[in-house]
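Q:
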Amino acid sequence: MAFHNIVLDQLVFHHVRFILLTPMLLLLIRSIYRIFFHPLSHIPGPWLSVCTSTWLNYHAWVGDECTAVHKLHLKYGSIVRTGPNDVDIVDGEALNTIYVEKGGFRKASCYANFDIDGHKSIFSHVDPSERAPRAKAVLPLFSTGSLRAGSKTIYRCVDRMVVRMKEGAKTGKSVNILNLTRSLAADVVTAYLFDDSYGGLEETDGEMSASGMVNAFVAVGRFFYLPNWMFQLLERTYEKILPDHEVNMSISKVDSFIAAVVDRSRTDKKLKGYYPARLMESGFSVSEARAQCKDLMFAGTDSTGMNLATICFMLAKHPGKYARLRNELLERQPDESELQSLPYMKGVIKEGLRLSMANPSRLPRVVPPSGWMFKGTFMPSNTIVSCTPFELHLNPDVFEDPYEFKPERWETPTDEMSRDSIWFGLGTRQCIARNLATMELFCAVQRLVQENVLEGAHCCQERIEILEWFNSKVKKEKIELMWS
C-alpha cells in the first residue's frame, strides 16, 4: 500500500510539472523561432518586441508608443521590427508604395476597432471595394467649388468663435482654447455637412457637451492594435466595471442630435444634397447613415480642433511670427479664393499641421501576397508595415530644427519636406474631409489675426504634452492662453 502511494504521488508530481512546464517550453520554442527563424528575423529590433506583441500594445496603452519606437530607430536604424509581424520605417521613400501606388497596401485588420455602433465607417473599412461607394456618395461635398459655395457657413461659425475668444481674453483668466477650437470644429462640420450646427460655441458653461464622446473615441487608440474580439471584450468590461456617466451623457446627446439630423434628412427635400441624405440615397441604411455621421463628427471635431489650437498656441508663443502674418493679411486683404495662396499664411498652416500631432502614431498596412522589397530589405506577405507622422514630421534630416515653429521654412520647401508631410494621410485612403479641414483652418486663422485676437496672449504651458495614441490626447485636455 505504501509503495502504491509513493508511485501515485510521483505520477501526480510529474503530471503537474508537465502541465506547468509545457506552456513555458512552447513559449521558449516560439520565441526562438521568432528571433532566429521567422521570415522577419533579418530585420533588427529588441528581443521583447520581436518575441511578443505585448511590447507594442503596452506602449500604445500608456501613450508613449511614438517615443518608444523612436528610441528603437535611434538604436537599430530606419527599418525596425516593432512586433513579431510588425515593421516600422523612417524613410519617406517608402510612402508612395505603402500608401499611394495602385491604391496602396490594404489597411490592417486593427482598423476594425474604429467601427462605430456595429458599422464600418468610411475610415475603418479595410476593403477598398466596400469603402468606395460610400466615399463616392459624399465626395462632391468636399470639392473646392462646394466649399467656396459654403464659405459663409464656415465664416459664421468662425466669427462666433472669435467672439468667444475675445470674451475669454477680457476675463483675465486662462482660456482653454482647445475647448473653443473643438467647439468650432464640431459646429463647422455639422453646419456645413448636415445643415444643422451642433451648437458647441453656444455652450458657454464649461467643456463642450460633445467632448466626452470625442474623448471616448480618442481612448480607443489605447487598444488600437488588439485583435477585434479582445478589443470588444475589454470595451464591454470597462463599461461594466468603470462606467463614466459624463461620457455616457455626452454620447447620448450626440446620438440624439445625429438621429434627429438623419431623420430630417429622410423627409426634408431641402436637405437632399447634404451628407446624411447622400448616403441614404445611395442605398445605405438609416442606421449606417447615423454611424457615418457620428464618425465624421468625431474626426472633424478632434483633429481640426487640435490642429487649430496648436496653431493659436504657436502664434501666441512667437509674437514676431504672429506680427508678420498679421502684416501679410492686412496688406493683401484676401477673399476666401485668395486666402490659401498667401505664402506666409500657407507656411503658418503647414507648420501648425506638422507640429500638431493630431494623429502621431503608426498608419499600419498589410504587405500584399507578392511581398515587398524596400532598399534591399524584403518583407514577406502579410507583414504589417507602417510609417508614422511623428517620425517623418520631426525628422531632422528633412526638417532643420524639427521641434521649432518656423513657417518661413515653407517659402522654399524641399521635395522631401512636401513628400514627408502626411498630416492628412496619403493616397485614396487619406482623410476624406481634408479640404474642409484645410479651409476651416485658413478661415479661422484669418479672422483671429485680422481681429488681432492673439495680441497680448501668452501660453500657460511651455509645450503641448500628449498621449501618443492613434488620435492624440492632450494631457489634462487643456491648451491654455492668458491675455495680459
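Each residue of the sequence shown is one higher than the one before, starting from 1 at the first, in this note's numbering. By construction, the Cβ of each residue, glycine as well, lies at the ideal position given by its N, Cα and C atoms.
When you compare only the Cα positions, how much space is there between Arg-106 and Ser-256?
A: For the purposes of this step, residue 106 is taken as the residue at position 106 of the sequence shown. For the purposes of this step, residue 256 is taken as the residue at position 256 of the sequence shown. About 34 Å.
Q: Looking at the strands, I want to know which residues DSSP matches up with Asn-176.
A: Within the sequence shown, numbered from 1, the residue matching residue 176 stands at position 176. DSSP lists Glu-480 as partners of Asn-176.
Q: Thinking just about the alpha-carbon of each residue, which of Asn-452, Tyr-76, Val-474, Pro-369 is nearest to the one in Val-162?
A: For this step, residue 162 is matched to residue 162 along the sequence shown. Cα-wise, what sits closest to Val-162 is Asn-452.
Q: Just to confirm before moving on: does the CB-CB distance between Ala-210 and Gly-221 stay below 8 Å?
A: Reading the sequence shown from its first residue, position 210 is the one you call residue 210. Reading the sequence shown from its first residue, position 221 is the one you call residue 221. Contact: no.
Q: Locate the alpha helix (DSSP H) running through Ala-433, then write down its first and last residues.
A: The residue you call residue 433 lines up with position 433 of the sequence shown. No alpha helix (DSSP H) contains Ala-433, which DSSP labels as neither H nor E.
Q: Roughly how many angstroms lie between the CA atoms of Glu-570 and Asp-195, to the nearest whole one?
A: The chain is shown only over 1 to 484; residue 570 falls outside these bounds and no answer can be derived.
Q: Just the C-alpha distance for Ser-337 and Asp-244, rounded to the nearest angstrom, thanks.
A: Position 337 of the sequence shown, counted from the first residue, corresponds to residue 337. Position 244 of the sequence shown, counted from the first residue, corresponds to residue 244. Those two C-alpha atoms are separated by around 45 Å.
Q: Comparing alpha-carbon positions, which option in His-458, Glu-246, Glu-202, Asp-88 lies nearest Phe-374?
A: Within the sequence shown, residue 374 is the residue found at index 374, counting from 1. Looking at the Cα atoms, Asp-88 is the closest of the given residues.
Q: To the nearest angstrom, how far is it from the Cα of Ala-457 to the Cα of His-318?
A: Position 457 of the sequence shown, counted from the first residue, corresponds to residue 457. Position 318 of the sequence shown, counted from the first residue, corresponds to residue 318. Taking the straight line joining both Cα atoms gives about 10 Å.
Q: Taking C-alpha atoms, which residue in Val-50, Ile-35, Thr-22, Lys-136 lies nearest to Ile-432?
A: Along the sequence shown, read from residue 1 onward, the residue named residue 432 stands at position 432. Of the listed residues, the one whose Cα sits closest to Ile-432 is Lys-136.
Q: When DSSP labels each residue in this structure, what does Leu-201 get in the three-state scheme?
A: Numbered from 1 along the sequence shown, position 201 holds the residue referred to as residue 201. Reduced to three states, the DSSP call for Leu-201 is helix.
Q: Less than 8 Å between the CB atoms is what I'm expecting for Gly-283 and Ser-250, so what's the real figure, rounded?
A: Locating residue 283 in the sequence shown gives position 283, where the first residue counts as 1. Locating residue 250 in the sequence shown gives position 250, where the first residue counts as 1. Wrong, their Cβ atoms sit about 31 Å apart, outside the cutoff.
Q: So, Ser-121 versus Gln-333, is the Cβ gap smaller than 8 Å?
A: Residue mapping note: residue 121 aligns to position 121 of the sequence shown, counting from 1. Residue mapping note: residue 333 aligns to position 333 of the sequence shown, counting from 1. No, the pair does not count as a contact, with Cβ atoms beyond the cut-off.
Q: Contact between the stretch 373 to 392 and the stretch 89 to 109: three or more CB pairs below 8 Å?
A: Yes, the stretch 373 to 392 touches the stretch 89 to 109.
Q: Do the CB positions of Tyr-275 and Leu-296 come within less than 8 Å of each other?
A: As a first step, residue 275 must be located in the sequence shown, where it is residue number 275. As a first step, residue 296 must be located in the sequence shown, where it is residue number 296. The answer is yes: Cβ separation under 8 Å.
Q: Considering Thr-428, what are the terminal residues of the alpha helix (DSSP H) in which it resides?
A: On the sequence shown, residue 428 is found 428 positions in, with the first residue counted as 1. First-last for Thr-428: undefined, no H or E at that position.
Q: Spell out a yes or no on whether the stretch 148 to 159 and the stretch 439 to 448 are touching, meaning 3 or more CB-CB pairs, one atom from each, closer than 8 Å.
A: Touching, yes, given that three or more Cβ pairs across the two stretches are closer than 8 Å.
Q: Which ranges would you report for the alpha helix (DSSP H) in the stretch 65 to 148 if only whole runs of at least 4 residues count?
A: List check, alpha helix (DSSP H) in window: 65 to 76, 128 to 138.
Q: If we count the other Cβ atoms within 10 Å of its Cβ and call it buried at 16 or more, is Thr-181 buried or exposed?
A: Your numbering for residue 181 matches position 181 in the sequence shown. Answer is buried; the Cβ neighbour count reaches 16.
Q: For the alpha helix (DSSP H) that contains Cys-312, what are its first and last residues?
A: Taking the sequence shown and counting its residues from 1, one reaches residue 312 at position 312. It spans 286 to 317 - the alpha helix (DSSP H) in which Cys-312 sits, taken as one unbroken run.
Q: Spell out whether any CB of chain C is found under 8 Å from the CB atom of Met-165.
A: In the structure shown, chain C cannot be found, because there is only a single protein chain.
Q: Identify which residue in Phe-224, Glu-408, Ser-183, Ala-94 has its Cα closest to the Cα of Glu-468.
A: Working through the sequence shown from its first residue, we reach residue 468 at position 468. For Glu-468, the nearest C-alpha among the options comes from Phe-224.
Q: Alpha carbon to alpha carbon, what distance is there between Thr-171 and Arg-365?
A: Here residue 365 corresponds to residue number 365 of the sequence shown, with the count starting at 1. Here residue 171 corresponds to residue number 171 of the sequence shown, with the count starting at 1. Spanning the two alpha carbons is a distance of roughly 48 Å.
Q: Span of the alpha helix (DSSP H) holding Ser-250?
A: For the purposes of this step, residue 250 is taken as the residue at position 250 of the sequence shown. Unbroken alpha helix (DSSP H) run through Ser-250: 245 to 267.
Q: Nearest to Leu-139 by alpha carbon, out of Met-482, Gln-450, Val-474, Thr-428?
A: Along the sequence shown, read from residue 1 onward, the residue named residue 139 stands at position 139. The shortest C-alpha separation from Leu-139 is found at Thr-428.
Q: Using a Cβ-Cβ cut-off of 6 Å (strictly less than) and excluding sequence neighbours within five positions of Phe-424, which residues of its own chain qualify?
A: What you label residue 424 is simply residue 424 of the sequence shown in a count that begins at 1. Result list for Phe-424: Gln-430, Cys-431, Arg-434, in chain order.
Q: Nearest-angstrom Cα distance between Leu-481 and Arg-354?
A: Mapped onto the sequence shown, residue 481 falls at position 481. Mapped onto the sequence shown, residue 354 falls at position 354. Each residue's alpha carbon lies about 21 Å from the other.
Q: Could you pull out every residue in the same chain whose Cβ sits closer than 7 Å to the Cβ of His-59, ignoring the five residues on either side in sequence?
A: The count along the sequence shown starts at 1 and reaches residue 59 at position 59. Result list for His-59: Glu-65, Ala-68, in chain order.
Q: Indicate whether Ser-197 and Ala-191 have their beta-carbon atoms separated by less than 8 Å.
A: The sequence position of residue 197 within the sequence shown is 197, counting from 1. The sequence position of residue 191 within the sequence shown is 191, counting from 1. Result yes, Cβ atoms of Ser-197 and Ala-191 sit closer than 8 Å.
Q: Quick one: grab the DSSP three-state call for Gln-232.
A: What you label residue 232 is simply residue 232 of the sequence shown in a count that begins at 1. If DSSP states are grouped into helix, strand and coil, Gln-232 belongs with the helices.
Q: Within a Cβ cutoff of 7 Å, which residues of the same chain sit near Val-50, ignoring the five residues on either side of it in sequence?
A: Residue 50 sits at position 50 when you count from the first residue of the sequence shown. The answer, listed in chain order, is Arg-34, Ile-35, Arg-81, Pro-84.
Q: Rounded to the nearest angstrom, what separates Leu-141 and Ala-277 at their Cα positions?
A: Reading the sequence shown from its first residue, position 141 is the one you call residue 141. Reading the sequence shown from its first residue, position 277 is the one you call residue 277. Taking the straight line from one Cα to the other gives about 12 Å.
Q: Please report the straight-line C-alpha distance between Glu-207 and Asp-115, rounded to a whole angstrom.
A: For the purposes of this step, residue 207 is identified with residue 207 of the sequence shown, where counting begins at 1. For the purposes of this step, residue 115 is identified with residue 115 of the sequence shown, where counting begins at 1. Those two C-alpha atoms are separated by around 26 Å.
Q: Do Val-247 and Lys-473 have their beta-carbon atoms positioned less than 8 Å apart in this structure?
A: Here the question's residue 473 lines up with position 473 in the sequence shown. Here the question's residue 247 lines up with position 247 in the sequence shown. No. Outside cutoff.
Q: Does the distance between the C-beta of Arg-34 and the nearest non-hydrogen atom of the ligand COA fall short of 7 Å?
A: The ligand COA is absent from the structure shown, which contains no ligand whatsoever.
Q: Helix or strand or just coil, what does DSSP make of Leu-394?
A: As a working mapping, residue 394 is identified with position 394 in the sequence shown. Coil, per DSSP.
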